[in-house]
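Residue numbers for the sequence shown follow my numbering, beginning at 23 and rising by one.
C-beta: ideal position from N, C-alpha, C; glycine also.
Following: one structure in structure tokens, then a few remarks.
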Amino acid sequence: MPSPSSSAQQALEALGVRLREIRIDAGLTGRDLGRLTGWHSSKVSKIEYAKQTPTPDDIRAWCRHCGMPDQAADLIASLRAAEGMFVEWRRLESTGLRLAQEAVVPLWERTKRFRIYNPRLIPGPVQTREYIRALMLGLMDRRGIPDDLDAAVQVRMDKQRVVREGDHRFAIVLEEAVLRFPIGGQATMVGQLGHLLACTALPSVSLGIIPLGVDRSTMWPVEGFWMFDEEQVSAELTSGHLTVTQPCEIAVYGDAFVRLAKLAVYGSAARTLITSAVNALDE
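Structural data, given as structure tokens:
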């Protein structure tokens with residue numbers, strides 16, 4: 023799989039190339055630009071080769087001294103897009119969980135084909151209210167997030183309308199272990215697994231489960247990820263949220279999803295695994 027920061031790095035490299043072109047078009051050497059801006063000449067080189075991330079003020083000064091101040095706004099927008107490809111949880115959740123949930127609503131609404139792989143948790147589109155609440159309580163406690171629990175839970179529940187409305191399709195692949203990880207206590211987990219069983223009958227949902235005993239020589243478990251059409255991939259890492267937009271990287275995730283999906287069982291075989299997990303909770 024691509025490294026967590028590769029999309030952001032490629033975006034910064036592209037920004038550096040554009041800045042270098044602007045400098046060369048202005049007839050300036052790196053030393054010239056450094057003298058004009060008051061920087062060490064090595065800073066110019068580091069920015070151009072994506073070894074140092076420029077600030078918005080750096081970009082404004084660069085463009086001004088190269089005689090192209092009108093280019094600064096677009097370049098700063100590119101910088102912010104690159105920085106947004108990997109966002110630490112503490113920054114994303116600084117005011118609570120509700121805004122982070124609301125931010126992806128437009129993406130959910132315009133996506134026609136969702137491909138979701140999760141090795142740890144049942145994913146949002148097929149979660150119950152109680153399961154969502156238990157997950158969010160755990161996040162708030164672990165990360166010290168401001169408490170907007172009720173509002174955040176409701177936003178996630180509202181987002182689930184795309185499962186039943188419009189022309190949306192969900193291909194979901196889970197590791198069997200997901201069914202065995204208790205979240206929120208026995209009653210919550212039984213309710214969640216029962217809801218998952220019901221979701222297998224929805225025409226918009228394809229649910230595959232990779233059995234614990236299947237040979238993983240060709241494809242082992244990877245980080246959980248979501249594919250939104252061919253537009254982007256999102257992955258939740260321990261330290262933050264990764265957004266991938268480079269077509270070559272999206273293709274890598276697409277290939278991984280195909281391989282994982284081939285290991286999964288579907289239909290009655292998947293329902294048998296879910297029922298077995300429910301029975302284990304009752305023992």
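Residue pairing by DSSP places N140 opposite L196 in a beta bridge. Residues of the same chain with a CB within less than 8 Å of the CB of G146, apart from the 5 flanking positions on each side, are I154, R178, K181 and Q182 in chain order. Distance from the CA atom of N301 to the CA atom of L201, rounded to whole angstroms, is 11 Å. Rounded to whole angstroms, the separation of the alpha carbons of F136 and L224 is 15 Å.
In this structure, DSSP gives M107 a state outside helix and strand, which the three-state scheme calls coil. Just measuring C-alpha positions, the residue of A193, A283, S239 and M249 sitting nearest L129 is M249. Per DSSP, L55 is one residue of the alpha helix (DSSP H) stretching across G52 to T59. Fewer than three beta-carbon pairs drawn from the segment 237-257 and the segment 201-212 are found closer than 8 Å, and the two stretches are therefore not classed as touching. The way I'd put it, the segment 87-106 does touch the segment 43-61; three or more beta-carbon pairs between them come closer than 8 Å. In the structure shown, the three-state DSSP call for F203 is coil.
The segment 221-236 makes contact with the segment 278-296; the number of CB pairs closer than 8 Å reaches 3 or more.
Runs of the alpha helix (DSSP H) lying entirely within the segment 147-174, each at least 4 residues long, are 151-165 in chain order. Judged by pairs of C-beta atoms under 8 Å, the segment 160-173 touches the segment 102-117, as three or more such pairs exist.
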